[in-house]
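Visitor:
Residue numbers (this note's numbering): 1358 to 1494.
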């Protein structure tokens, strides 16, 4: 039996800066998504979404991600992304407190195949490049 997936193309928008933060890794993004799912749906919700919950793509510069979830759990994942309000970063030094950065997740596209979601990402990237070039002129 084939397990059907959904791919969510999204963007993390941070309130405090537009600069590139290379400390935000794919693992930290996934941990924060799991934290929000756990806050909203508890252990049962996290257990249901866990088997297919994976970040397939993460771009540090643009903060765009592709998240893979099971088809049955797509609504759970989208709702959880909508409730992501802060990004927890663990302390880098021993004894230091963890840092919460206000952010939100924008869902740009939801698709059934990775190929179609990547195609949509390419379309959006080209549109953003064109608009930024027009702003510079």
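The beta-carbon is built from N, C-alpha and C at its ideal position, and this holds for glycine as well.
Could you check which residue in 1484, 1456, 1472 and 1489 has the C-alpha nearest to that of residue 1362?
Guide: For the purposes of this step, residue 1362 is taken as residue 5 along the chain shown, with counting starting at 1. When only C-alpha atoms are compared, the closest one is 1472.
Visitor: Is the distance from the Cβ of residue 1467 to the Cβ of residue 1365 below 7 Å?
Guide: Residue mapping note: residue 1467 aligns to position 110 of the chain shown, counting from 1. Residue mapping note: residue 1365 aligns to position 8 of the chain shown, counting from 1. Cβ distance < 7 Å, so residue 1467 and residue 1365 count as in contact.
Visitor: Taking the alpha-carbon positions, what's the residue 1424 to residue 1391 distance?
Guide: Here residue 1424 is taken as the residue at index 67 of the chain shown, counted from 1. Here residue 1391 is taken as the residue at index 34 of the chain shown, counted from 1. One C-alpha to the other measures close to 12 Å.
Visitor: Return the chain-ordered list of same chain residues with a C-beta closer than 8 Å to the C-beta of residue 1460, the five sequence neighbours on each side being excluded.
Guide: The residue you call residue 1460 lines up with position 103 of the chain shown. Excluding positions up to five away in sequence, the list reads 1369, 1370, 1371, 1372, 1441, 1442, 1443 and 1444.
Visitor: Kindly indicate which three-state DSSP category residue 1358 falls into: helix, strand or coil?
Guide: Within the chain shown, residue 1358 is the residue found at index 1, counting from 1. Coil at residue 1358, not helix or strand.
Visitor: Taking only runs of the beta strand (DSSP E) that begin and end inside the segment 1373-1441, which ones reach a length of at least 3 residues, in chain order?
Guide: Correct list: 1411-1416 and 1421-1427.
Visitor: Give me whichever residues DSSP pairs with residue 1468 in a beta bridge.
Guide: For the purposes of this step, residue 1468 is taken as residue 111 along the chain shown, with counting starting at 1. The partner list for residue 1468 (beta bridge, DSSP) reads 1364.
Visitor: Between 1439, 1413, 1409 and 1437, which lies nearest to residue 1428 when the distance is taken from Cα to Cα?
Guide: As a first step, residue 1428 must be located in the chain shown, where it is residue number 71. Checking every option, the nearest Cα to that of residue 1428 belongs to 1409.
Visitor: On the criterion of 16 or more Cβ atoms from any shown chain inside 10 Å, does residue 1485 qualify as buried, or is it exposed?
Guide: Here residue 1485 is taken as the residue at index 128 of the chain shown, counted from 1. It counts as exposed.
Visitor: Taking DSSP's pairing of strands, which residues face residue 1462 in a bridge?
Guide: Along the chain shown, read from residue 1 onward, the residue named residue 1462 stands at position 105. DSSP output for residue 1462 lists 1369 as bridge partner(s).
Visitor: Looking at residue 1465 and residue 1367, is the spacing between their C-beta atoms short of 7 Å?
Guide: For the purposes of this step, residue 1367 is identified with residue 10 of the chain shown, where counting begins at 1. For the purposes of this step, residue 1465 is identified with residue 108 of the chain shown, where counting begins at 1. Yes, the Cβ-Cβ distance between residue 1367 and residue 1465 is below 7 Å.
Visitor: Do residue 1412 and residue 1387 count as a contact pair if the criterion is CB distance below 7 Å?
Guide: As a first step, residue 1387 is located in the chain shown; it is residue number 30 there, counting from the start. As a first step, residue 1412 is located in the chain shown; it is residue number 55 there, counting from the start. Cβ distance < 7 Å, so residue 1387 and residue 1412 count as in contact.
Visitor: Leaving out the 5 sequence neighbours to the left and right, which residues in its chain are closer than 8 Å to residue 1436 when beta-carbon positions are compared?
Guide: Here residue 1436 is taken as the residue at index 79 of the chain shown, counted from 1. Only 1397 meet the Cβ criterion.
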